[in-house]
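Asks: Heads up: the protein sequence lines correspond to chains R and E, in order.
If you read the first sequence in my numbering, its first letter stands for residue 33, the second for the next number, and so on.
If you read the second sequence in my numbering, its first letter stands for residue 145, the second for the next number, and so on.
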Amino acid sequence: MNIDSINNGIVIDHIKAGQGMKIYNFLNLGNLKCSVALISHANSHLMGKKDIIKIDSDLEVDLNALGYIDPEITINIIKDGVRVSKYHPEPPEKLTNIVFCKNPRCITSTEQELPHVFELVDRVKDEYRCIYCESKPKEID
Amino acid sequence: MRSIINILDLTKEEIDQLIQVAEDIIAHPQNYLEKCKHKKLATLFYEPSTRTRLSFEAAMYELGGHVIGFSEANSSSAAKGESVADTAKTISCYADIIAMRHPKEGAPMVAAANATIPVINGGDGGHNHPTQTLADLLTIHREKGTFEGLTVGLCGDLKFGRTVHSLITAMARYDNVRFVLISPEELKVPSYVKMPLKQKGISYIQTTDIESVIADLDILYMTRVQKERFFNEDDYIRLKDSYILTPQKLAKAKDTLSIMHPLPRVNEIALAIDDDPRAAYFKQVLNGKYMRMALIMMLLEVK
C-alpha cells in the first residue's frame, strides 16, 4: 500500500499498532481541511507492527499533549520535502482540557465552565492528578 | 494576599509560628481582643457544619472582628446557579477574608483563584480540611510536646475522611513519624495520600484490626464513617459500625496515648471514654478556635 510522501506537514510515527485512531480523534484531525492519512498495522523493523499518521499541511497542531498518550511515538516535521525536526514528545507538565476528571465529587463535575487541568506529579510513572481534587484522569477512549 | 487551601500551603516554620501565637492567645487572650477590629470574615458554608463554622465565627469575634455569611447553599445564590468563582468575586467586595466549606473537592481553590481577599478552606468534599489539621497539630503539640518520633494511628473512614488526609500530609513532614492505618478494606487511605509516604520512605502499615496495634500507638485518631460521602446507602450501613472504641479495646493501650477525633462522633467512641484522661477530642475543639484565630491574623497580616 502506498501513501505519497508529503512536502510540508507532520508525520507521527511509531504509534503502537491499533492506537492510531485514538490519536486521530484526540488531535481532532477529522476537522482539518487538509489531507490526513492514517495507516494501520504498517510493518516496522522496530515494533513489528505500528500505526502512522501523515498530516499534509504545515498548520499548527499542538502535539505536546501526545507525550501524555505515548511518549515513545516519533514526531517528524517536514518542510519542503525535507525532515527538519524529529523528536519524542515529552510528557507535558500540565494538561488543560485534554483529559477529564471523572470524580463525581470534583468541582468540575458541577461547574461546566471550569477547565479540566491535570498536573504531572510523578515523572517516573507519568502520573497526572487533577489540580482540584487530585484524582487521576479519565482514560482517553 | 494568600490563601490556605491545603495544609502544605503552610511551611513547617509557619505552623510553628501559628502554634506560638495560639499558645500566646491561650495565655494572654486580653491582648487579642481588638486585633481584627473593623475586619469582616465571610463564612461561606455550602454544607452543614457545627464546629468549623462556629469556630471560625467565635475566632473572629474574639479578635474583635465581624462575621457575615451563610450556612447552607440554599440560602445563597448558589441555589440560583451562581458559580463559585462569581460568588468569590462578589464576597471580595464585602469582606476582608473568606472561610469556605463546600461539598465539591477543589471549590475553595477555585474561590481563591477568583477572590481578591484571602480564602481559607474549611473543608472540601472528602479532600482537604487544613484548619482541622491545625487544630490537630496544636493538640498533638500540647499533649506530646513534639511531633517527632510519634506513632500515629488513624482509624475508621480513611478513604473519605478529609481530616485524615490533611493530618497524614502534615505529620509526614516531621522526622521519624510512623503511621498505622486502621480501616476496613473499602475505606483505605487513597493512593494519592500514600504516594508521598512511599516517595519519602516514611514507615506505615495498613491493618483492619485495631486491637492488634493499639499498644504501639502514641496517638489514636478516630474518625466517623460519613454518610454524606456515600452514594450507596447499603455500603454506608454495612460499614458504619466498623470500628467502635470501647474501654475494653483500650485495655492494652499506653497510659500516655492521646485519643483524638475531629468530631462529630456518632458512636465510634463509647461515651465511657470521655472521662478517660487520654481523651483529647474536646480539647481539639478548643484548640481549633485558637489556631483559626492565629491563622486569620496571619492572613490579614495583623501583628
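For each residue, glycine too, the CB sits at the ideal point set by N, CA and C.
1) When the Cα atoms are used, what is the spatial distance from R245(E) to P340(E)?
2) Where does A223(E) land, buried or exposed, given buried means 16+ other C-beta within 10 angstroms?
3) Evaluate P274(E) with the Cβ neighbour count: other Cβ atoms within 10 Å of its Cβ, from every protein chain shown; 16 or more gives buried, anything less gives exposed.
4) Which same chain residues end up closer than 8 Å to T351(E) when comparing Cβ atoms and leaving out the 5 residues on each side of it in sequence?
5) Quick check on G432(E) - is its C-beta less than 8 Å from some C-beta in chain R?
6) Helix, strand or coil: how does DSSP classify E104(R) here?
7) Against T142(R), what residues of chain E qualify as contacts under a CB-to-CB distance less than 7 Å, listed in chain order?
8) Would you call the CB atoms of E412(E) and R368(E) closer than 8 Å?
9) Flag H271(E) as yes if its beta-carbon sits less than 8 Å from any beta-carbon of chain R, otherwise no.
10) Please specify which runs of the alpha helix (DSSP H), each continuous and at least 4 residues long, are wholly inside the segment 165–230 of chain E, giving them in chain order.
11) Looking at M435(E) and I261(E), is the spacing between their C-beta atoms short of 8 Å?
12) Whole beta strand (DSSP E) runs in the segment 62–137 of chain R with 3 or more residues, listed along the chain?
13) If you drop the 5 nearest sequence neighbours on each side, which residues of the same chain put their C-beta closer than 7 Å to that of A239(E)?
14) Which residue's Cα is closest to the Cα of L302(E): V333(E), G293(E), V337(E), E287(E)?
15) Does the beta carbon of L146(R) come closer than 8 Å to any beta carbon on chain E?
16) Report, in whole angstroms, the separation of the C-beta atoms of I101(R) and I55(R), which I expect to be a contact under 8 Å.
17) Taking only three categories from DSSP, how would you classify T290(E)?
18) G432(E) and R195(E): beta carbons closer than 8 Å?
Replies: Checking against the coordinates, here is how it stands:
1) So the alpha carbons of these two residues sit roughly 26 Å apart.
2) By the 10 Å Cβ count, A223(E) comes out exposed.
3) Classification for P274(E): buried.
4) V324, L325, I326, V357
5) no
6) coil
7) K248
8) yes
9) yes
10) Here the runs fully enclosed are 195–206.
11) no
12) 68–76, 80–87, 106–111, 114–119, 126–128
13) K184, L185, A186, I212, I261, listed in sequence order.
14) V333(E)
15) yes
16) 6 Å
17) coil
18) Cβ distance < 8 Å, so G432(E) and R195(E) count as in contact.
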